[in-house]
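Chains A, B and C, in that order, give the protein sequences. Heads up, the first sequence is in my numbering, so the first residue is 1 and it goes up one at a time. Heads up, the second sequence is in my numbering, so the first residue is 1001 and it goes up one at a time. Heads up, the third sequence is in my numbering, so the first residue is 2001 and it goes up one at a time. Cβ atoms here follow ideal geometry from the backbone N, Cα and C, with glycine treated the same way. Small disclaimer: the values here were computed from a predicted structure and weren't measured. Worksheet for the structure shown next.
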Amino acid sequence: MGFFIETLIGGLMAGMLYSLVALGFVLIFKASGVFNFAQGAMVLFAALAMARFAVWIPAALDIGNPVLGTGLAFFAAAVLMFVVAWLIERLVLRHLVNQEGATLLMATLGIAYVLEGLGTSLFGSDIYKIDVGMPKDPVMILEGTFEGGLLINKEDFVAALIAAVLVGLLALFFQKTSTGRALRAVADDHQAAQSIGIPLNRIWVIVWSVAGVVALVAGVIWGSKLGVQFSLATVALRGLPVVILGGLTSIPGAIIGGLIIGVGEKLSEVYLGPMIGGGIEIWFAYQLALLFLLFRPQGLFGEKIIDRV
Amino acid sequence: MLYRENGQFKTSYAADQQIFPIAQDRWAMLGLLLFAFVGVPLLVDEYLFRAILIPFLILSLAALGVNILVGFCGQITLGAGAFMAVGAYAAYNFHIRIAGMPLLGSFLLGGLTAAVVGIFFGIPSLRVRGLYLAVATLAAQFFTDWVFLRVPWFTNNASSGSVSVSNLQIMHWQIVTPVDKYLFCLSFVTVFALLAKNMTRCAVGRQWMAIRDMDVAAEVIGIRPLFAKLSAFAVSSFFVGTAGALWGFIHLSSWEPAAFSVDRSFQLLFMVIIGGLGSIMGSFFGAAFIVILPIALNQFLPALGSVFGISISTAGVSHAELIIFGGLIIFFLIKEPHGLARLWSTGKEKLRLWPFPH
Amino acid sequence: MSRQIGDVILDLQQVSLSFGGVKALNDISFDVREHEIRAIIGPNGAGKSSMLNVINGVYRPQEGEIILRGQRCTRMNPYQAARAGISRTFQNIALFKGMNVIDNLLSGRNLKMRSNLIQQAIWWGPARREELAHRAKVEEVIDFLEIQHIRKTPVGRLPYGLQKRVDLGRALAMEPSILLLDEPMAGMNVEEKQDMCRFILDVNDQFGTTIVLIEHDMAVVMDISDRVVVLDYGRKIGDGSPDEVRANPEVISAYLGASH
């Protein structure tokens, strides 16, 4: 029983990381109606920036204090993501206003490639470490209730906490602020939003910057856990089933979807895997998403997709 | 002046509906085919066959398939690699498990298997479209990745996980040298391109395009979305599967599932976007572009760099390739969504008027 | 007019249609006789387009019956409606923008084509003969609508009025027994309207096609229709010959009002 709970908790926390990535997808889709295939590349780009800045900035400014160094590196990486967002708006989005979804999707694929190439040429393609002081050691909890206690990874726990806080802040932002409202208007209809005076360009820069910062947080957490390497970019492909399950327009959906996928993957790998031959993780999430697509395409919390005649 | 339709009057609908109604086009095509079948084998060296021409031909076939689905029928797919894999492994199994199975038979059966699987994974297209359909095709991609890796029957229980074929022959023609391989692929591609062109000109092609352009209206005028979409998936997968079999048997000779990964799917999609959605010729343009680009960059970039005094490593070239790739996709989507094929036909329009500007 | 107006071919009984909480059509009953031109008029938002959509199966009514040639067809989908001989044009021209005029018209012939995929791929006998035969048929429609000069033009490039004509052509290519026209003259100038009227009358005259027509231009409606149905806020408020409807006080107050 203890083992099951352990696997469950491990899955929940892995799921939290997926949710972070999915969050970026949902933000951009909610606010600009575009599915951002480049989210994974943004995570990689941000993580690379963070990893290198954490080395370059203290060296350049001769800072001894690691906290200050890391903090400055984070700030610099966030600024960089803002610049990236601005460039994306200027060079790509502006020219594709009101094009159909498929075109925009393929444009974001192009952006993904550019970011990957740019990231690795600017920052190098070795495996870098990110050290933000996350606790690395596992800890035993609930030794009284379960025999031997449950082995929890402290790092995953902290990551899950950060993700939860981030989600809460973003949900508040969308619901309560006027900018949040404007973002939702833009997602509905670009031209209509423009015609009531919402500055489309500025909105897009804001949204992509926020998504960029979310990507940065996700990149730091993943990078701290796994090291910054190319497979981070395929993170986008891991995040897709999450948004299908949760609903492309729902922030809480990204979280719940992430948790379900995380748990599902872990459980299926442990319990189902040995029966049909391992390595199920790769496609389990996608088959789950496929089922949803056939029976409930809008996901658990998304808005119903209406086709206008 | 040279490229004019003057004096070419069509006196029957049959003449009007030829593939190349303008005589100059017909001659040009004939010349091209003659050159391809006879001239190229005489002029080109082995490296070019292996590095450029054979991959170009096979990937053009795959791109044709993807174009039928994405460009003509408007159903987005990110799982084309999976169907190449199905075609390759099916052909492999037919080839080794059935004694005396002719090579062409294995290929066609491989393609048919891919078509059946394609119909199955095309079912979500009846419910969803766009991004959601893309996810469904990705589900197919990842599932087949796993199946061919983990289920030993498909690889004939090979311990290494990879399969290989050898000693390919059709009747008494041994397909061994690069020239043999080239001619074999060229024949396949020519026949399939003709089939594709015919289908897109006829009723089934119009059904596909109607579904792409406005599927509600299509149903109202009597086109069944189910038949149109699933037939698009079937035909597309048939083409892609056959290309997969060719890729494995002829180009690679020995392969593992990674040869047909999601990267391949993306590559095919890009070929179709850059080449031109909804255009047979565009599939060829796109394939040529994507095959030649890395090679060209590899030769060209370091030289360009040294002009500016920057040395560019091979890693640097592959990074630059990604940037240029992505940049080109964005460029085409913004400036010329109909790809190189549109540039080509615009060029021909201008040529018709030449030497007058308009 | 020299046609013989026949029996009831389409009968709508107590049809009601709602979207969520909004009732678009409320207990509507009327019939359409064979070979006649039946107009549906009413202010904007009265439910006229919804009515057409119900007739050809795009929307399924929550209540009521649709009887086509004596058969109950309430649960029809658009494909079945097309097979039953109903074709239509759209208010917002639903042409296939990626194809040229000939291909758009040929797509209307789809129901009549029998050759299969393989035959078409090889361009063999039956496929080839069929393709050319239908091309000949489509050219008749092109001649009828006087659009020969634009037959190879991609429809996206055509001016609005010509697109409307091609939309009509595609519906005609289906050789329908009932033709539903959704504001075929919207946005046209006087000349274009006259041409369109002429085409509609010719279709009714030469081919005997029953026509159900939504139109805002009162002069046109009064001139060419045999009978008129008036809708307002989803309810039927008038039904009869143009003169009867014109004199109906409820119709006048709801719609015709002052000058027009």
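Proximity below 8 Å, CB of residue i to CB of residue j
i	j	result
ALA31 (chain A)	LEU183 (chain A)	yes
GLN1008 (chain B)	ILE1022 (chain B)	yes
PRO2213 (chain C)	ALA2039 (chain C)	Here the sequence assigns Leu to residue 2213 (chain C), which means Pro is not the residue at that position. Closer than 8 Å, so yes.
GLY1110 (chain B)	ALA1091 (chain B)	yes
SER1231 (chain B)	GLY1065 (chain B)	no
GLN1075 (chain B)	LYS1229 (chain B)	yes
LYS2023 (chain C)	GLY2234 (chain C)	yes
VAL1070 (chain B)	LEU1328 (chain B)	no
PHE45 (chain A)	GLY117 (chain A)	no
LEU1078 (chain B)	LEU1333 (chain B)	no
ALA2065 (chain C)	ARG2075 (chain C)	Reading off the sequence shown, one finds Glu at residue 2065 (chain C), where the question assumed Ala. Not in contact: GLU2065 (chain C) and ARG2075 (chain C) (Cβ atoms no closer than 8 Å).
ASP2217 (chain C)	MET2185 (chain C)	yes
ALA38 (chain A)	THR108 (chain A)	yes
LEU1246 (chain B)	PHE1188 (chain B)	yes
From the options, residue whose alpha carbon lies closest to that of residue i
i	options	result
PHE1285 (chain B)	B:LEU1351, B:HIS1338, B:PHE1238 and B:ALA1218	B:HIS1338
TRP1153 (chain B)	B:GLY1327, B:TYR1089, B:LEU1057 and B:THR1242	B:TYR1089
PHE35 (chain A)	A:GLU265, A:LEU122, A:LYS225 and A:LEU93	A:LEU93
LEU2068 (chain C)	C:PRO2061, C:GLY2085 and C:TYR2059	C:GLY2085
SER1283 (chain B)	B:PHE1056, B:SER1237 and B:LEU1078	B:PHE1056
ALA1203 (chain B)	C:VAL2190, C:GLY2208 and C:ILE2118	C:ILE2118
LEU2268 (chain C)	C:SER2241, C:VAL2251 and C:ALA2186	Here chain C comprises residues numbered 2001 to 2260, so residue 2268 (chain C) is not present and cannot be evaluated.
ARG1050 (chain B)	B:PRO1357, B:ILE1292 and B:LYS1335	B:ILE1292
GLN1017 (chain B)	C:ALA2186, C:GLU2130, C:ARG2072 and C:GLU2036	C:GLU2130
PRO2176 (chain C)	C:GLY2070, C:THR2089 and C:SER2225	C:THR2089
SER1318 (chain B)	B:ALA1296, B:LYS1335 and B:ILE1334	B:ALA1296
PHE1260 (chain B)	B:HIS1172, B:VAL1116 and B:PHE1148	B:PHE1148
PHE284 (chain A)	A:PHE295, A:LEU240 and A:PHE301	A:LEU240
PRO2154 (chain C)	C:LYS2236, C:ALA2081, C:MET2218 and C:LEU2105	C:LEU2105
THR1242 (chain B)	B:VAL1191, B:GLY1275, B:VAL1262 and B:ALA1258	B:VAL1191
LEU161 (chain A)	A:MET13, A:PHE4, A:THR7 and A:GLU6	A:MET13
CYS1073 (chain B)	B:ASP1180, B:ALA1258, B:SER1265 and B:ALA1218	B:ALA1218
PHE123 (chain A)	B:LEU1059, B:GLY1316 and B:PHE1356	B:GLY1316
Problem - Cβ contact (3+ pairs, closer than 8 Å) linking the region 1159-1173 of chain B and the region 1088-1104 of chain B - result: When C-beta atoms of the region 1159-1173 of chain B are compared with those of the region 1088-1104 of chain B, three or more pairs fall below 8 Å, so the two segments count as touching.
Exercise for the section: Report the residue ranges of all beta strand (DSSP E) runs contained in full by the region 149-181 of chain A; include only those spanning at least 3 residues, in chain order. Expected result: Whole beta strand (DSSP E) segments, 3+ residues: 150-153.
Handout entry: Interface residues of the region 2055-2084 of chain C facing chain B [CB-CB below 9 Å]
Key = The region 2055-2084 of chain C vs chain B, Cβ under 9 Å: ASN2056, GLY2057, VAL2058, ASN2077, PRO2078, TYR2079, ALA2081, ALA2082 and ARG2083.
Practice task
For the region 2154-2178 of chain C, enumerate the residues whose C-beta is nearer than 7 Å to any C-beta of chain B, in chain order.
Solution key: With the criterion set as a beta carbon lying under 7 Å from some beta carbon of chain B, the members of the region 2154-2178 of chain C are ARG2170 and MET2174, in sequence order.
Exercise for the section: Report yes or no: do three or more beta-carbon pairs, one from the region 2144-2158 of chain C and one from the region 2093-2108 of chain C, lie closer than 8 Å? Expected result: Cβ pair count under 8 Å is three or more, so yes.
Problem - Residues, ordered as in the chain, of the region 1178-1209 of chain B that lie near chain C by beta-carbon distance below 7 Å - result: The region 1178-1209 of chain B vs chain C, Cβ under 7 Å: LEU1195, ASN1198, MET1199, CYS1202, ALA1203, VAL1204, ARG1206, GLN1207 and MET1209.
Practice task
Determine which residues of the region 18-44 of chain A have a Cβ less than 7 Å from any Cβ of chain B, and write them out in chain order.
Solution key: So the close ones are PHE35.
Practice task
For the region 2165-2229 of chain C, list the alpha helix (DSSP H) runs that are entirely contained and at least 4 residues long, ordered along the chain.
Solution key: For the region 2165-2229 of chain C, the continuous alpha helix (DSSP H) assignments of 4+ residues that do not extend past its boundaries occur at 2190-2202 and 2218-2224, in sequence order.
Exercise for the section: List in chain order: all unbroken alpha helix (DSSP H) runs of 4+ residues lying wholly within the region 1127-1153 of chain B. Expected result: Scanning the region 1127-1153 of chain B from its first residue to its last, the whole alpha helix (DSSP H) runs of 4-plus residues come out as 1130-1150.
Exercise for the section: Anything in the region 1310-1328 of chain B with a Cβ closer than 9 Å to a Cβ of chain A? List those residues in chain order, please. Expected result: Within the region 1310-1328 of chain B, the qualifying residues are ALA1315, GLY1316, SER1318, HIS1319, ALA1320, GLU1321, LEU1322, ILE1323, ILE1324, PHE1325, GLY1326, GLY1327 and LEU1328.
Handout entry: the region 5-24 of chain A / the region 208-224 of chain A touching (three or more Cβ pairs under 8 Å)
Key = The region 5-24 of chain A, when compared against the region 208-224 of chain A, does touch it at the 8 Å Cβ threshold.
Handout entry: Residues in the region 103-114 of chain A having any Cβ partner in chain B nearer than 8 Å
Key = For the region 103-114 of chain A, which is checked against every Cβ of chain B, the residues closer than 8 Å are THR103, LEU105, MET106, ALA107, LEU109, GLY110, ILE111, ALA112, TYR113 and VAL114.
Exercise for the section: Select from the region 115-130 of chain A all residues with a C-beta closer than 7 Å to any C-beta belonging to chain B, and list them in chain order. Expected result: Within the region 115-130 of chain A, GLU116, GLY117, LEU118, THR120, SER121 and SER125 place their CB atoms closer than 7 Å to a CB of chain B, listed in sequence order.
Handout entry: Length at least 4, wholly inside the region 17-99 of chain A: the alpha helix (DSSP H) runs in chain order
Key = Fully contained in the region 17-99 of chain A are the following alpha helix (DSSP H) runs of length 4 or more, in chain order: 39-61 and 66-91.
Problem - Residues of the region 1249-1278 of chain B whose Cβ lies closer than 9 Å to any Cβ of chain A, in chain order - result: Under the 9 Å Cβ criterion, the region 1249-1278 of chain B contributes VAL1262, PHE1266, LEU1269, PHE1270 and ILE1273.
Practice task
Report yes or no: do the region 198-208 of chain A and the region 242-259 of chain A share at least 3 C-beta pairs separated by less than 8 Å?
Solution key: In short, these stretches do not touch, since the Cβ pair count stays below three.
Practice task
Could you tell me which uninterrupted beta strand (DSSP E) segments, each at least 3 residues in length, are contained entirely in the region 2032-2106 of chain C, listed from first to last along the chain?
Solution key: The DSSP assignment places complete beta strand (DSSP E) segments of no fewer than 3 residues inside the region 2032-2106 of chain C at 2037-2041, 2063-2068 and 2086-2088, in order along the chain.
Practice task
Let me know the alpha helix (DSSP H) ranges lying completely inside the region 1048-1112 of chain B, each 4 residues or longer, listed in chain order.
Solution key: Entirely contained in the region 1048-1112 of chain B, the alpha helix (DSSP H) runs reaching 4 residues are, in chain order, 1054-1067 and 1080-1097.
Exercise for the section: Give, in chain order, every residue of the region 1112-1128 of chain B whose Cβ lies closer than 7 Å to some Cβ of chain A. Expected result: Within the region 1112-1128 of chain B, the residues whose Cβ lies closer than 7 Å to some Cβ of chain A are PRO1124, ARG1127 and VAL1128, listed in chain order.
Handout entry: Complete runs of the alpha helix (DSSP H) confined to the region 209-251 of chain A [at least 4 residues]
Key = For the region 209-251 of chain A, whole alpha helix (DSSP H) runs of length 4 or above, ordered along the chain, are 235-246.
Exercise for the section: Please confirm if the region 2052-2068 of chain C is in contact with the region 2013-2033 of chain C, defined as three or more CB-CB distances below 8 Å between the two stretches. Expected result: Short answer: they touch.
Exercise for the section: Could you tell me whether the region 207-221 of chain A touches the region 47-63 of chain A, using the rule of 3 or more Cβ pairs below 8 Å? Expected result: Judged by Cβ distances under 8 Å, the region 207-221 of chain A makes contact with the region 47-63 of chain A, as three or more pairs qualify.
Practice task
Could you run through the region 1327-1354 of chain B and flag, in chain order, every residue whose CB is less than 8 Å away from some CB of chain A?
Solution key: Those residues of the region 1327-1354 of chain B that come within reach of chain A (Cβ to Cβ, closer than 8 Å) are GLY1327, LEU1328, ILE1329, ILE1330, LEU1333, ILE1334 and PRO1337.
Practice task
For the region 249-263 of chain A and the region 66-80 of chain A, state whether three or more C-beta atom pairs, one from each stretch, are separated by less than 8 Å.
Solution key: Short answer: they don't touch.
Handout entry: chain C contacts made by the region 1210-1221 of chain B, where a contact means CB separation under 8 Å
Key = Within the region 1210-1221 of chain B, the qualifying residues are ALA1210, ARG1212, ASP1213, MET1214, VAL1216, ALA1217, ALA1218, GLU1219, VAL1220 and ILE1221.
Problem - Under 7 Å (Cβ pairs) to chain A, residues found in the region 1010-1028 of chain B - result: Here the close residues number zero.
Exercise for the section: Evaluate the contact criterion for the region 2031-2051 of chain C versus the region 2004-2012 of chain C: three or more CB pairs, one atom per stretch, below 8 Å. Expected result: Three or more beta-carbon pairs separated by less than 8 Å link the region 2031-2051 of chain C to the region 2004-2012 of chain C, which places the two stretches in contact.
Exercise for the section: Would you check if there are 3 or more beta carbon pairs closer than 8 Å linking the region 1133-1145 of chain B to the region 281-301 of chain A? Expected result: Contact holds between the region 1133-1145 of chain B and the region 281-301 of chain A, because three or more Cβ pairs, one in each stretch, are under 8 Å apart.
Handout entry: Unbroken stretches of the alpha helix (DSSP H), 4 residues or longer, contained in the region 2110-2143 of chain C
Key = Qualifying alpha helix (DSSP H) stretches, in chain order: 2117-2122.
Problem - Where the region 174-191 of chain A meets chain B: residues whose CB sits under 7 Å from a CB there - result: Listed in sequence order: no entries.
Practice task
Counting only runs of 4+ residues fully inside the region 1197-1280 of chain B, write out the alpha helix (DSSP H) ranges in chain order.
Solution key: Secondary structure remark: continuous alpha helix (DSSP H) runs of at least 4 residues inside the region 1197-1280 of chain B, in chain order: 1203-1220, 1225-1246 and 1262-1275.
Problem - Within the region 1300-1338 of chain B, ranges of the alpha helix (DSSP H) (whole runs, at least 4 residues) - result: If we require 4 residues or more, the alpha helix (DSSP H) runs fully inside the region 1300-1338 of chain B come out as 1314-1335.
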